[in-house]
Every structure is written in structure tokens, then in C-alpha cells.
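Novice: Mind looking over this structure? Questions follow.
There are 4 protein chains.
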Amino acid sequence: MHQLLNADDGGQTVLERVTDWGLIGLVLLNAGAVVLESVKSWDRRYHPVFASIELVSVFIFTLEYVLRVWSSAEDRRYRRPWLGRLRFVLSPLALIDLLSILPFYLSFGLFDLRILRVVRLFRVLKVARYVRALHVIGKVIRRKRAELLVTLGVLGLMLLMVSSLMYTIESEAQPDKFGSIPDTMWWGVATLTTVGYGDVFPITPAGKLLSSVIAVLGLGLFAIPTGILASGFSEQLHEQHAADAAFSYCPHCGHKL
Amino acid sequence: MHQLLNADDGGQTVLERVTDWGLIGLVLLNAGAVVLESVKSWDRRYHPVFASIELVSVFIFTLEYVLRVWSSAEDRRYRRPWLGRLRFVLSPLALIDLLSILPFYLSFGLFDLRILRVVRLFRVLKVARYVRALHVIGKVIRRKRAELLVTLGVLGLMLLMVSSLMYTIESEAQPDKFGSIPDTMWWGVATLTTVGYGDVFPITPAGKLLSSVIAVLGLGLFAIPTGILASGFSEQLHEQHAADAAFSYCPHCGHKL
Amino acid sequence: MHQLLNADDGGQTVLERVTDWGLIGLVLLNAGAVVLESVKSWDRRYHPVFASIELVSVFIFTLEYVLRVWSSAEDRRYRRPWLGRLRFVLSPLALIDLLSILPFYLSFGLFDLRILRVVRLFRVLKVARYVRALHVIGKVIRRKRAELLVTLGVLGLMLLMVSSLMYTIESEAQPDKFGSIPDTMWWGVATLTTVGYGDVFPITPAGKLLSSVIAVLGLGLFAIPTGILASGFSEQLHEQHAADAAFSYCPHCGHKL
Amino acid sequence: MHQLLNADDGGQTVLERVTDWGLIGLVLLNAGAVVLESVKSWDRRYHPVFASIELVSVFIFTLEYVLRVWSSAEDRRYRRPWLGRLRFVLSPLALIDLLSILPFYLSFGLFDLRILRVVRLFRVLKVARYVRALHVIGKVIRRKRAELLVTLGVLGLMLLMVSSLMYTIESEAQPDKFGSIPDTMWWGVATLTTVGYGDVFPITPAGKLLSSVIAVLGLGLFAIPTGILASGFSEQLHEQHAADAAFSYCPHCGHKL
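Chains as they are written, first to last, in the UniProt record's numbering: chain V, 1 to 257; chain B, 1 to 257; chain X, 1 to 257; chain C, 1 to 257.
Below, the structure written as C-alpha cells:
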């Protein structure tokens, strides 16, 4: 577990650990509630349960948020009383905390309720504070930023040109499905990613030929980001493993060395 | 074959080898019988044959199980007469052996017959005792446990959020297919894994845009476990190869060194 | 940005940079216009806007082209007054520049208008001058040319033989979909690339068996170009990174060393 | 081209080269003829052309075969007059040569004509003699034999168990599509390889859940052979490249060193 979670840090008191695990549990309970609430039959039967979970969660998360903002001044990074707190409020993790309680308060106003209910699911991002994995993903993406941007750009260019070609070829035979370049892009994505739902496919011989060439060539190009991410991930985990090994524990007292 | 099977071990007598290969053959015969029995026309015509195979197999597997439990006390690991045998009974391979005969005896009771008939197919796991490959897979998964858990967790999180977003966008246009978040997850899995059966796909422009972004970005993330497993596999086989080479045979007498 | 674009070169004046970024912007505006113009409802409402963008773009791109050809004589590579300019006109980047204005002038003649309108989208290739990424892709493909040709050839051979086999098996059961080898190849590509639109699939047991074997074995073969491209890409970026690091900037004056 | 073809060998006379390239051309012409002949409308119109190509090809290939068998005795490997020739006839390349003329002679007998016509397409395998790439693929598969067998075995086992589970879950809801374990395997292959034609998919919640889990987990396992083949391919090409470099040409006279 040590490799996956930050919550298991060595220097925590028992109370801190209980609080952390309690909050993680509450976040997961919330995620489950949002998912089940979206099923009509469950919502009809257990509406009071879901409403109570919501009420209690918002109360606890609000309390958590206030305390976090208040105590942020003790953190080295946000030491100045007001400006420091403001900077903490604008940090990504604090914004997630805010976003997970704001919809509730906004729902008393004039906003559309249904969207707000689903936005609640973004509360699951609160676990980002505890899950090391998300930090790893973030670092991998930052580390391979240049390569990923390059390939995404090339893929976008390719999609654009392929879709415009296909539009020229197929729009007459199937004006409802290949009627414009944006419409044809829906086919392009389905083919290049090999999802192939089957709602849109060429029927003319020329369209089928182009589709075949694109599927084969596209497979190669679309797999490049995959390769980049995979290698970045393995490098990152390898480095972290080495760092973990270097930063070891005393065999006698169990303290960090 | 030496690389694939444990059955070919150097230190076995001819009788042991014959028994091992006989049991492997019986397991494969059983697998074939279960598969063919599920085809109605075959079952109608050859029912007595399948029933005989079942009867003989259960008899032999029961005998094997009893003998294995009895003789387990001679193994160093389970030396104590009763407690050792109990510990052997609870070991994974012994549990598989038990599971492959238990359904037959339970079917005399009040349990649903059809499920029991299929559970019989899990007898194929009995070959795990002889097939080194399954040990390799097991070791690879254990070796890459942390990375796999991390990515599976992230993928689960991503699936959850993507499905909830899609639910908000598409549930009005297609209430029968995107009617709840769990329903929408079926679309999410089909898209992220690029299976794309074609039974569920977005029809609104916003839904198509989200689906496209997810298919492209998801391809990268969903391929990470693949990369991890592939590299783990090649590392494992490489190490084993090195170990095999180090543990060589005398060129004069053919004995292990 | 330095890693992605050539436009950011150190030795440029402010005017040069403004021109470069202006041209990139114009190219992207053009791409957007072509895409939106293909949507009927947009075209009806904003036709004058699209026409104006076209007119202004062609004017500027023509001016750019004339100036580039004129000034090419100052480039070391094309120093001779007329022969040098001719050689510049035939270089790939200059041909793209020519292709992005030619359709406009041809549309006054007797050519089909619709195709010319889409050919305009190939103007996006003008950004190739500024985007380093396309150079990288080009280098990767050149570097792995031999491997890619080998695998593409093998894949083509495999597709040919698999489709002819499937044609023999399925053409009687589904004469409309597997009626000839070229028709069956459409199934072959959809299966080997795992796109699987779902418009063509075998229904006979023998066809399903062949399709299954091909899907599994083909997965492996079709992924080889992917692996080759991915490794070529990572090697290329690695080398470039090393070259960038070696070709560093003076910490005092900011000039290249 | 040197890297792709064996035909370009240094020690060949002009006549040998012309013969080799002529035979390659004839093989490709034959492949094209078989493919086009399968299209009814082409066959009706150009039947005499296809028949002539067939006749001439069989004549030349028969001549080639007789000459090859006759002259094989001069090869070091098949030196003995009769036994050597017999051993040559049984070598893989000679068998392909025989298979590409035999169907023609058999079609005068009582065999089904349509299958024989398609078997002719296997003549394309005659290019194996000249295309180095096929040797490379062969070597890669031999080099990674053990790993490939292991994973294919595990995948087969997984497919068997997954299909039997799905059969238990879905056979009642969709008896026409999941009516027996072999039928369900068609779904299993489509899902595990992510082809997803869309003709068979689960409709019960339990079936969808199982399908989702399998698609995700299966993706990882099914990609292992891919990874093995890709790495084997790159190793093989790397070694060959090194060998080519070591076996270089004299800079003065152009002869091999």
C-alpha cells in the first residue's frame, strides 16, 4: 500500500490516519451514491438515503475545507496570513475541495439541478490528495509533454485531411452520414482508434479502399502516444522505485533514514 | 517442452511420468466433453458418452485427491500428520482439485444443475500443476502488482467520470441506452477498450465530440497495463532463461550440475 | 514551444516572427473555414464570410509565394538566378505553397468545383514549414523505412491469402458480402486492424473459426509496425534531445554556443 | 532493396537476375489475375485473358520446377543423384513450387474446381524464395517460440473459461447467440481481440459486467504476444543490421570482403 497511497506516511499520528482514511471512505461512499442515484428505480426507493449522504457529506467536506484553508497558514509555502491563504485557495487540490461543495450551495439558486448532481461525482478527485498514482500520471504527462503534443498535433492534422478526403468521396453516396467534414470526422475517429461502432462506414469501393489504407496506417500513428505514455510510465516508476530504495528505513527502530 | 511444462522434470520415474501425462490427458478430455456437451444436438446424441466420461473422471480425480491428501504428509512443507494435511487441503492447487470433484457430489443434492455442469470446466485449472506458463503469469502479475493496481485504479476513476459526463450529455437523447451512470459505463468500457460492439453510441454532436476525445485519450491510458504486462513478461522470461542456462547439465553423464 | 516549432528560432527579427505567426494563424483560419463551409447550414448563412476569407487568403498566399520564389535566389542552396529559382519551385515546401493557391485560379476554368474546395484543406500542410513535429515524423519513417516496408509487405501478403481463403469458405453463404476476393478484403482489413465495423462478418462455423484464428494471429502481426514506429519515434526524440542539450545557450549573453 | 530481397545478391550474372525478376513479376501477375477473376463481371468479360495467363504461367512454372529439381543435384546440400533430388523435392520451397502447379493438373480430374482456383493464390508464396522479410518473420517466430506457445496456451485457457462463464450467464436471455460454449467463444474472441463486430453482445447486466471485466483484463493479456513479436522483430533486425555492417564491401573494387 505504501507505494500506492500517500496516506500511509510514516510521520502521521493515529488521529491523522483515521481522519485521512475516513475522508477517503466518505469520498468513495459519495461516488457510489451518485452512481446509484442515477438509476431511476434506486432513486425512487432510496431517495432519503441519498439525500442524507449528500447532506452529511457536504457538511463534513465544508468543515474540512474551512479547516484546511484556516490551517494552510501554518504550511511553509503559504505562510503569510491572508495572501498565503488566498494562494492556497487557488492551488489545484484546494480548488477540487471547493468544487466538491460549491454545487450543493449553488443548487439553492437558479442553476440547472441535473448537471450539478453529476458534477458532484467530481468529488472523487478529492482522493487525488491521497493517491500517489495520480501524481505519477501527472508527472508522466509533464515529462512527455513535448512528445505527446507533437503526436496529438500530427494525429489531429491527419484526422482533418483524412476526413476531408473521405467527405469528398462518400458524401454523395451517404449524404446523411458523410454530409459534412465534421460529420465525417466521427467516422475518422472511430476508424483511426479502431473503435468501429458500426454506425458509420463507407459503402463505395473508393471509400472502402481509403478506409482500409487509413485503418492500417492510422493504427501505427495512433499507437505512438500509447508507446510514449507506456515508456514514460515505466521510467517514472523505475526512478521512484530507486528513490524509495535509497530512502530506506532503519531496521532497528523503523524510522526513516 | 522442458520450458513449458513441469511434468518433464529430470528426477521422475517412468510411472510418475505416465501418471502425470495421463492426468493431463484426462483433464483435456474433460474440457472437450464440457464444451461439446453444451451443444444441444451433440448432447442429445452422445449423452451416454459424456455421462461415462464424467463418471470415470470423477472417480479418478477423487482417487487422485485422496491419494494426494494422504501422501502430502511426506512432503517437507506439510510434515505434521493432521495439521499438515489440513494446510495442504487449503493450498491453491489442492483447492482446485477439490473444486473439480465437489460439483459432482453436490449435484445429488438440491443445487442448480446447469451451473454445476459449467463449473466442471474449471477442472482445466488442474493443469496449472503441470504448466509452467501459469506460474510465469502469476509471477509477472505479482512482480508488477503495484503498477497494475495504480493504472487499474486510474482507469476505474476515468471510466467513472467519463461515464457520468456522458450520462449528463446523452441521457435525454437516448434514455434507453444512457439512462443511468451504470448503463453509460457499458458504453464507456466499449469505447475505452475500443471493442465498439455498436449497440450503444452517442448521437448528439456533444456526445460524439466527448466520445472522440475519450477514444483518443483513453487509448493511451488503457494501453499502459498492456505495456506493463508485456515488459514484466519479457523480464521474467529473460531471468528464467538465465537461470535455466546457469543450471545446466553435465555434457558427459547428462545429470544436472 | 522551442521543441515543437521552428518559428521560434533565435536569429529572427521581430518582423520575421510576426509574419511567421501571422501566416500560421491564417492557415489555421483557412482550415476552420473549409471545415465549417462543408456544413450546409453554416455555408448558407455565412457564405460571404467564407468567400472573403478565401479571397484574402489566396491574395496573401499568392504574395507570399511570389516573394518566396523571388527571394529564394538569396538562399545558398538556390543561388543561380533562374535555375536556382526553378529548383526552389520544385522543392516539397514550395510545391505545397503552390498547391494551396492553384485550385483557386483553376476554379475559374472548367474543373469540378467541389473537389477543388476540399483540396484547399491541404493548405494546412503549409504549417509543415513551421512545425518541427512533421520533420520528426518524416525522419522516423525514413529511419525505419526498411522495417516498415518488410512488415507492410508481409501484412499485404497475409491479407491476400486470408481473404482468398475466407472467400472460398463464405462466398456461398453470403454472396453479397463475400462475393469476390476484393470484397472479402474489406472484411479482412476490418478484422486484422480490429476496427470491426460490423457490416461484414462470417456466419458459417468454418468462417467464424477462420475469423477467430486470424483475429488472434493478425493482432500480433499488425502490431509490429506500431512497435517499429514507436521505437523509431522514441530514438529520434532521444537523439534530438541530446543534440539540443549539446547545442546550448550561453548563460551570460543568451547567445547560442 | 538489398535489405529486402535476396534476388539482388552480388554474385549473380545478368541472366540470373533477369530470370529472378521475371519470375517475381509472373507471380505477382498471377496473384492479380486470381483476385480479379473472383469478381464476376471481370471474369465474364476477360475470361480468355485470365485463362491465357494461367496457361502460360503453369507452363513456365512447370519448366522452372523441372529445371530446379534437375539442377538441385549440383547444390552441395543435395549432392547424391536420386536421394538428393528427392530430399530437394521435400524441402519447403520446392513443395511450394509443386503446389503452385499441381492444382492445374488436378483440375483435369474429378476435383472441385472452385477451391483449386483459389489455391492458386498460394503461388504468391513462391516469392518467399526472393523476399528476405519472410525469412526474418520465420526466424522471429522460431526465436520466440517458447514465449508465444506459453501465451497462446494461456489465452486459449482464458477464452475457454470466460466463454463457459458467459454461456452460463447469457444462454437463457439469448439462446440463439449464446446457445452453447462454442457459440459463446465467437463472442469471446470478438471481445478479447477488441474486434467487436457487434453481431453478438451480452444484454443482461451480469453479462455486461463480465464482458467489461474481460475486455479490460483481456486487453492486457492479448497484447502480450504482440509485445513478444515486436521485441523479437526488433532484435532480429538489429542483429542482421550488425551482420550486414560486419560483412562489408571493399571501397576500391566493390567486392565483398
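Backbone N, C-alpha and C fix where the C-beta goes; we use that ideal spot for every residue, glycine too.
Note that this is a predicted model, so its numbers are computed, not measured.
(1) Where does the unbroken alpha helix (DSSP H) through residue 108 of chain V begin, and where does it stop?
(2) For the stretch 140-149 of chain B against the stretch 12-23 of chain V, are there 3 or more C-beta pairs whose distance is under 8 Å?
(3) Taking Cβ positions, are residue 125 of chain B and residue 221 of chain B nearer each other than 8 Å?
(4) Consult DSSP for residue 196 of chain X and reduce its assignment to one of helix, strand or coil.
(5) Hey, does residue 188 of chain V have any beta-carbon neighbour from chain X nearer than 8 Å?
(6) Using the C-alpha atoms, what's the distance from residue 58 of chain C back to residue 16 of chain C?
(7) Could you tell me which of X:104, X:105, X:72 and X:76 sits nearest to residue 90 of chain X, measuring between CA atoms?
(8) Would you call the stretch 184-198 of chain C in contact with the stretch 156-166 of chain C, where contact means no fewer than 3 C-beta pairs closer than 8 Å?
(9) Strictly below 9 Å CB to CB, what residues from chain X border residue 207 of chain V?
(10) I'd like the list of long-range same chain contacts for residue 37 of chain X, defined as Cβ closer than 6 Å, with 5 residues on each side in sequence excluded.
(11) Where residue 74 of chain C and residue 67 of chain C are concerned, what is the direct C-alpha to C-alpha distance, given to the nearest angstrom?
(12) Along the stretch 190-201 of chain X, what residues have a CB closer than 9 Å to any CB found in chain B?
(13) Just by C-beta distance, which residues in the stretch 141-170 of chain C are closer than 8 Å to chain B?
(14) I'd like to check one pair, residue 60 of chain V with residue 26 of chain V: are the Cβ atoms closer than 8 Å?
(15) Which whole-angstrom value describes the C-beta separation of residue 284 of chain V and residue 202 of chain V, a residue pair presumed to lie in contact below a C-beta threshold of 8 Å?
(16) Between residue 248 of chain B and residue 22 of chain B, what straight-line distance do the alpha-carbon atoms span, to the nearest angstrom?
(17) Answer with buried or exposed for residue 82 of chain C, where buried requires no fewer than 16 other C-beta atoms within 10 angstroms of its C-beta.
(18) How many whole angstroms separate the CB atoms of residue 101 of chain V and residue 62 of chain V, which I take to be in contact at a CB cut-off of 8 Å?
(19) Excluding the 5 residues preceding and the 5 following residue 119 of chain B in the sequence, name in chain order all residues of the same chain whose CB lies nearer than 7 Å to its CB.
(20) Give me the chain C residues within the contact set of residue 215 of chain X, using Cβ-Cβ distance strictly less than 8 Å, ordered along the chain.
(21) Can you name, in chain order, every residue of its own chain whose Cβ lies under 6 Å from the Cβ of residue 218 of chain C, other than the five neighbours on each side?
(22) Could you spell out the range, first to last residue, of the alpha helix (DSSP H) harbouring residue 58 of chain V?
(23) Assign residue 170 of chain X to buried or exposed, taking buried as 16 or more other Cβ atoms, counted over all protein chains shown, within 10 Å of its Cβ.
(24) Identify whether residue 167 of chain X lies in helix, strand or coil by the three-state DSSP scheme.
(25) Would you mind reading off the limits of the alpha helix (DSSP H) that contains residue 82 of chain C?
(26) I'd like the list of long-range same chain contacts for residue 94 of chain B, defined as Cβ closer than 6 Å, with 5 residues on each side in sequence excluded.
(27) What residue range is occupied by the uninterrupted alpha helix (DSSP H) comprising residue 94 of chain V?
(28) Nearest CA to the CA of residue 142 of chain X: which residue from X:123, X:228 and X:153?
(29) Could you check if residue 178 of chain X is buried or exposed, using at least 16 other CB atoms within 10 Å of its CB as the buried criterion?
(30) Whose CA, out of C:235, C:196, C:35 and C:29, lies closest to the CA of residue 139 of chain C?
(31) In chain order, what residues of the same chain have a beta carbon less than 6 Å from the beta carbon of residue 187 of chain B, not counting five sequence neighbours either side?
(32) Give the straight-line distance between the Cα atoms of residue 98 of chain X and residue 30 of chain X, rounded to the nearest whole angstrom.
(33) Taking the alpha-carbon positions, what's the residue 272 of chain V to residue 196 of chain B distance?
Specialist: Let me spell this out:
(1) No alpha helix (DSSP H) contains residue 108 of chain V, which DSSP labels as neither H nor E.
(2) Flag = no, the stretch 140-149 of chain B and the stretch 12-23 of chain V do not touch.
(3) Judged by beta-carbon spacing, residue 221 of chain B lies beyond the 8 Å limit of residue 125 of chain B, meaning their Cβ atoms are not closer than that value.
(4) coil
(5) no
(6) 20 Å
(7) X:72
(8) Contact holds between the stretch 184-198 of chain C and the stretch 156-166 of chain C, because three or more Cβ pairs, one in each stretch, are under 8 Å apart.
(9) What residue 207 of chain V touches in chain X: nothing, since even the nearest Cβ is about 10 Å away.
(10) 43 and 50
(11) 12 Å
(12) 194, 195, 196, 197 and 198
(13) 146, 147, 149, 150, 151, 153, 154, 157, 160, 161, 164, 165, 167 and 168
(14) yes
(15) Because chain V in this structure spans residues 1 to 257, residue 284 of chain V falls outside the shown range and cannot be described.
(16) With a pLDDT of 45 at residue 248 of chain B, under the threshold of 50, the predicted position of this residue should be treated as unreliable, and no value is reported.
(17) exposed
(18) 5 Å
(19) Same-chain partners within the cutoff: 103.
(20) 189, 190, 193 and 195
(21) 192
(22) Where residue 58 of chain V is concerned, the enclosing alpha helix (DSSP H) stretches over 40-71.
(23) buried
(24) helix
(25) Element bounds for residue 82 of chain C: n/a, residue is neither H nor E.
(26) By the criterion of a C-beta distance shorter than 6 Å, residue 94 of chain B is surrounded in its chain by 88, once the five residues flanking it on both sides are discounted.
(27) 92-99
(28) Nearest in C-alpha terms to residue 142 of chain X, of all of X:123, X:228 and X:153, is X:228.
(29) Answer is buried; the Cβ neighbour count reaches 16.
(30) C:235
(31) 200, listed in sequence order.
(32) Between the alpha carbons of residue 98 of chain X and residue 30 of chain X lies a gap of roughly 15 Å.
(33) Given a span of 1 to 257 for chain V in the structure shown, any question on residue 272 of chain V remains unanswerable.
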